[in-house]
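Enquirer:
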Amino acid sequence: MRRIIHLSDLHFGADEPAIAEGLLRDIERQSAHMLVVSGDLTQRARSSQFADAERFLKHIALPQIVVPGNHDIPLFNAIARWLTPLDNYRRFINRELEPTFADAELAVAGINTARSNTWKDGRISPHQVERLRQYFTAQPDAACKILVAHHPFIPPAKDLSAALVDGGPAALRILEACGCHLILAGHLHLAYSGDVRPHHIEVKRSILVIQAGTAISHRRRDEANAYNVLTIDGPTLSLEVRTWNGHEFIGATPKCFTQTEEGWIAQ
Ligand SMILES: [Fe+2]
Ligand SMILES: [Fe+2]
22 MRRIIHLSDL HFGADEPAIA EGLLRDIERQ SAHMLVVSGD LTQRARSSQF
72 ADAERFLKHI ALPQIVVPGN HDIPLFNAIA RWLTPLDNYR RFINRELEPT
122 FADAELAVAG INTARSNTWK DGRISPHQVE RLRQYFTAQP DAACKILVAH
172 HPFIPPAKDL SAALVDGGPA ALRILEACGC HLILAGHLHL AYSGDVRPHH
222 IEVKRSILVI QAGTAISHRR RDEANAYNVL TIDGPTLSLE VRTWNGHEFI
272 GATPKCFTQT EEGWIAQ
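Quick note on this note's numbering: the sequence shown kicks off at 22 and runs consecutively.
(1) For the beta strand (DSSP E) that S69 lies in, which residues bound it at each end?
(2) Identify every run of the alpha helix (DSSP H) within the segment 134 to 179, keeping only runs that are complete inside it and at least 4 residues long; order them along the chain.
(3) Give a yes or no on contact between the segment 267 to 282 and the segment 66 to 83, applying the rule of three or more CB pairs nearer than 8 Å.
(4) Applying the criterion that 16 or more other CB atoms from any shown protein chain within 10 Å of the CB defines a buried residue, is T274 buried or exposed?
(5) Is any heavy atom in ligand 1 found nearer than 8 Å to the beta carbon of G34?
(6) Classify D93 as buried or exposed, calling it buried when 16 or more other Cβ atoms lie within 10 Å of its own Cβ.
(7) Could you check whether the Cβ of T235 sits closer than 8 Å to any heavy atom belonging to ligand 1?
(8) Flag G188 as yes when its Cβ comes closer than 8 Å to any non-hydrogen atom of ligand 2, and as no otherwise.
(9) Taking 8 Å as the cut-off, is the CB of D180 close to at least one heavy atom of ligand 2?
(10) Closer than 8 Å is the cut-off here; do at least three beta carbon pairs connect the segment 229 to 242 with the segment 32 to 40?
(11) Answer yes or no: the CB of D142 versus the heavy atoms of ligand 1, is any distance below 8 Å?
(12) Below 8 Å, is the gap between the Cβ of H239 and the nearest heavy atom of ligand 2?
(13) Where does H27 fall in DSSP's three states?
(14) Taking 8 Å as the cut-off, does the CB of H171 come closer than this to any heavy atom belonging to ligand 2?
(15) Three Cβ pairs or more, each shorter than 8 Å: is that satisfied between the segment 141 to 148 and the segment 111 to 130?
(16) Between the C-alpha atoms of V230 and K166, what's the straight-line distance to the nearest angstrom?
(17) Apart from the five residues on each side of it in sequence, which residues of its chain come closer than 8 Å, Cβ to Cβ, to F113?
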């Protein structure tokens with residue numbers, strides 16, 4: 022059994038410090054095995070904002086897979102945006118933009134979907150897909166294979182026209198071939214989950230997508246601040262969305278999924 026904390030869209034610089042403190046307290050209580058952060062650590066990629074993000078992450082004593090988001094590239098400093106877009110990210114968070122983590126039960130790969138040449142959209146390139154293919158095919162079949170990205174592969178039910186990651190369909194065809202089970206992402210500041218197949222009819226194998234809301238920022242989209250706790254035990258996955266009620270994070274009834282021959286089945 023493995024328990025994963027999935028945070029997204031921290032947006033230091035647009036964060037609410039009381040919620041950040043409450044989040045650290047709540048994470049302590051989860052007995053988790055690892056932390057995933059699916060991008061947008063900062064609001065404007067400033068050094069001071071990355072320093073706050075670094076301090077926050079240092080409080081969480083778990084293996085961490087963190088990827089950048091579009092807000093982690095400078096927006097107004099054109100020289101930095103084009104010449105050194107993720108220098109601050111590398112300096113404060115991780116030199117590696119696409120980290121991996123594996124143990125006896127998990128194989129987790131992060132990818133960077135943030136780009137300097139788009140305002141807020143993201144992209145996954147053929148080169149990145151090939152790296153993922155090599156990584157996942159080298160992992161044992163028994164491991165739960167998880168991709169972490171900032172930009173979403175499926176839209177939320179409330180906005181089916183939401184922009185998805187560019188290159189997503191081509192990536193999914195390779196991800197299904199190399200046995201990827203799960204994609205964790207963010208960007209839209211909405212917590213939702215679902216199978217990729219209804220949105221990508223060319224994909225035949227079930228891959229479950231889990232999106233996290235904004236954990237601690239005031240950039241809410243008609244939803245409370247939230248984060249996800251995933252418990253993966255063999256073929257079963259329980260997803261608990263924990264939301265901020267103004268005083269503390271509280272859990273809703275977990276959603277349970279089971280992997281079967283037909284794919285992920287929601288209980
Ligand atoms: Fe965001
Ligand atoms: Fe974003």
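We put the CB at the ideal spot given by N, CA and C, even for glycine.
Expert: On the basis of the supplied data:
(1) It is not in any beta strand (DSSP E) - S69 instead sits in the alpha helix (DSSP H) that spans 68 to 79.
(2) Listed in chain order, the alpha helix (DSSP H) elements of length 4 or more contained wholly in the segment 134 to 179 are 147 to 158.
(3) no
(4) exposed
(5) No; taking the cut-off as 8 Å, the Cβ of G34 has no heavy atom of ligand 1 nearer than that.
(6) buried
(7) yes
(8) no
(9) It does not: the Cβ of D180 is nowhere closer than 8 Å to a heavy atom of ligand 2.
(10) With the cut-off at 8 Å, the segment 229 to 242 and the segment 32 to 40 touch.
(11) no
(12) no
(13) Three-state DSSP puts H27 in a strand.
(14) yes
(15) Too few Cβ pairs lie closer than 8 Å, so no.
(16) 12 Å
(17) S68, F71, A72, A74, E75
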